[in-house]
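J.: Below is a structure I'd like to ask you about.
Here it is as structure tokens:
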């Protein structure tokens, strides 16, 4: 089933590209806000939510593109929509000159609002753990 694209823009509270990049591109950074644990082996990233000894979910994704200090794009290995991907992109706002995080993700039509809510929760966690 074809999914609908979702785009979320979020202003970041940092002017340090290095700090921002670390939080969106490394397993250590992503583990602080996107999942409970993130590991990487080559082009494969493994995301774990919850504790392994209790209720948990594990998903793997393949890195499609990485542009230093700009974007990370990956595809969930279990996604049935061949056009779906998740992208975390950093750029400067033309209006405020602040760094912006643009998230692109995909969800089935009935899950769009739940996906937006999930990303908003993730962004709150990013702000709380990093100050971004």
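In full-length UniProt numbering, the protein residues as written are 1 to 132.
Glycine included, C-beta positions come from ideal geometry on N, C-alpha and C.
(1) Go through its chain and collect everything with a Cβ distance to residue 86's Cβ below 6 Å, but skip five positions before and after it.
(2) What's the gap between the Cα of residue 68 and the Cα of residue 116?
(3) May I have the straight-line CA-CA distance separating residue 103 from residue 33, to the nearest angstrom?
(4) Looking at residue 51 and residue 36, is the spacing between their C-beta atoms short of 9 Å?
(5) Would you mind listing the beta strand (DSSP E) stretches within the UniProt domain "START-like" (2-126) that are 3+ residues and don't spill past its ends, in chain order?
(6) Candidates 19, 5, 9, 1: which alpha carbon is nearest residue 129's?
(7) Give the straight-line distance between the Cα atoms of residue 5 and residue 108, rounded to the nearest whole angstrom.
(8) Roughly how many angstroms lie between the CA atoms of residue 22 and residue 28, to the nearest whole one?
(9) Expressed to the nearest angstrom, what Euclidean distance is found between the alpha-carbon atoms of residue 79 and residue 72?
(10) Quick one, which of 56, 14, 65 has its alpha-carbon nearest residue 44's?
(11) By Cβ distance, which residues of its chain are closer than 6 Å to residue 39, with the 5 residues on each side in sequence left out?
T.: The structure says:
(1) The beta carbon of residue 86 is closer than 6 Å to those of 74, 105 in its chain, skipping five residues each way along the sequence.
(2) The straight-line gap from Cα to Cα measures roughly 26 Å.
(3) Going from the Cα of residue 103 to the Cα of residue 33 covers about 14 Å.
(4) Contact check for residue 36 against residue 51 passes: the beta carbons are separated by less than 9 Å.
(5) As summarised for the UniProt domain "START-like" (2-126), the continuous beta strand (DSSP E) elements at least 3 residues long and confined to that stretch are 4-11, 37-41, 44-50, 56-67, 71-76, 86-92, 99-107, given in chain order.
(6) Considering only alpha carbons, the answer is 19.
(7) The alpha-carbon separation between residue 5 and residue 108 amounts to approximately 9 Å.
(8) When the Cα atoms are used, residue 22 and residue 28 turn out to be separated by approximately 8 Å.
(9) Approximately 18 Å between the Cα atoms of the pair.
(10) 65 is the residue among 56, 14, 65 whose C-alpha sits nearest the C-alpha of residue 44.
(11) Cβ neighbours of residue 39 beyond the five flanking positions: 27, 46.
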